[in-house]
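In my numbering, the protein residues as written are 657 to 809.
No residue lacks a Cβ here, since even glycine has one placed at the ideal position from N, Cα and C.
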């Protein structure tokens, strides 16, 4: 029952929050996981999960238009040894990924929601678009598996 109450509270937080007048920001902390050719596609491997965190700054330029900038970091890794299909290749990698992004938000009903002094809670469709650039230096290794030959005489 406690879990249901906590879930309802988390789902209602956007309805209980107040709007930022001009500037806003946020932090996030989480986990990152790699899904690609070094993993079985139907499940993540949480032993290989790495940290992920970031910072975001938002400016409400006008009642209808806002700009958001973010800087994020994620640690990714994968290893063929964890998957029976890929053991023969013997590849593994570790990667620190840094992402820098800028997004624009256009709120169709922005003037009805915010008139300069008060904020009205209404549902409003919006468009979101932007660009991001990622930087990193992947470190890869390929381990050649040893073959043992047995001869019977």
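Check: Roughly how many angstroms separate the alpha carbons of residue 792 and residue 752, rounded to a whole number?
Finding: 6 Å
Checklist line | Collapsed DSSP secondary structure at residue 767 in the structure displayed | finding: helix
Item checked: Proximal residues to residue 756 (C-beta, below 6 Å), its chain only, five neighbours per side dropped -> 727, 789
Notebook entry, point to check: Nearest-angstrom Cα distance between residue 723 and residue 761?
Noted result: 6 Å
Note to self: Can you tell me where the beta strand (DSSP E) holding residue 708 begins and where it ends?
What the structure shows: 706-716
Margin query: I need the boundaries of the beta strand (DSSP E) containing residue 729, first residue and last residue.
Written below: 721-735
Next item on the list: Can you check DSSP and say which residues form a bridge with residue 762?
Entry: 721, 783
Next item on the list: With residue 686 as the anchor, note down where its beta strand (DSSP E) starts and where it stops.
Entry: 679-688
Notebook entry, point to check: Going by alpha carbons, who is nearest to residue 779 out of 763, 725, 794?
Noted result: 763
Note to self: Could you pull the DSSP bridge partners for residue 754 from this structure?
What the structure shows: 729, 791
Next item on the list: Use the C-beta contact count for residue 678: other C-beta atoms within 10 angstroms, 16 or more gives buried, fewer gives exposed.
Entry: exposed
Check: Taking buried to mean at least 16 other C-beta atoms within 10 Å of its own C-beta, is residue 786 buried or exposed?
Finding: exposed
Check: When you compare only the Cα positions, how much space is there between residue 766 and residue 708?
Finding: 32 Å
Next item on the list: Report back the beta-carbon spacing between residue 718 and residue 705 to the nearest angstrom; my notes put them in contact at under 8 Å.
Entry: In fact, because the Cβ distance is near 40 Å, the residues do not count as touching under 8 Å.
Check: Near residue 797, what residues of its chain come up, given a Cβ to Cβ distance below 6 Å and the 5 sequence neighbours on each side ignored?
Finding: 748
Checklist line | Test item: CB-CB of residue 714 and residue 680 under 8 Å | finding: yes
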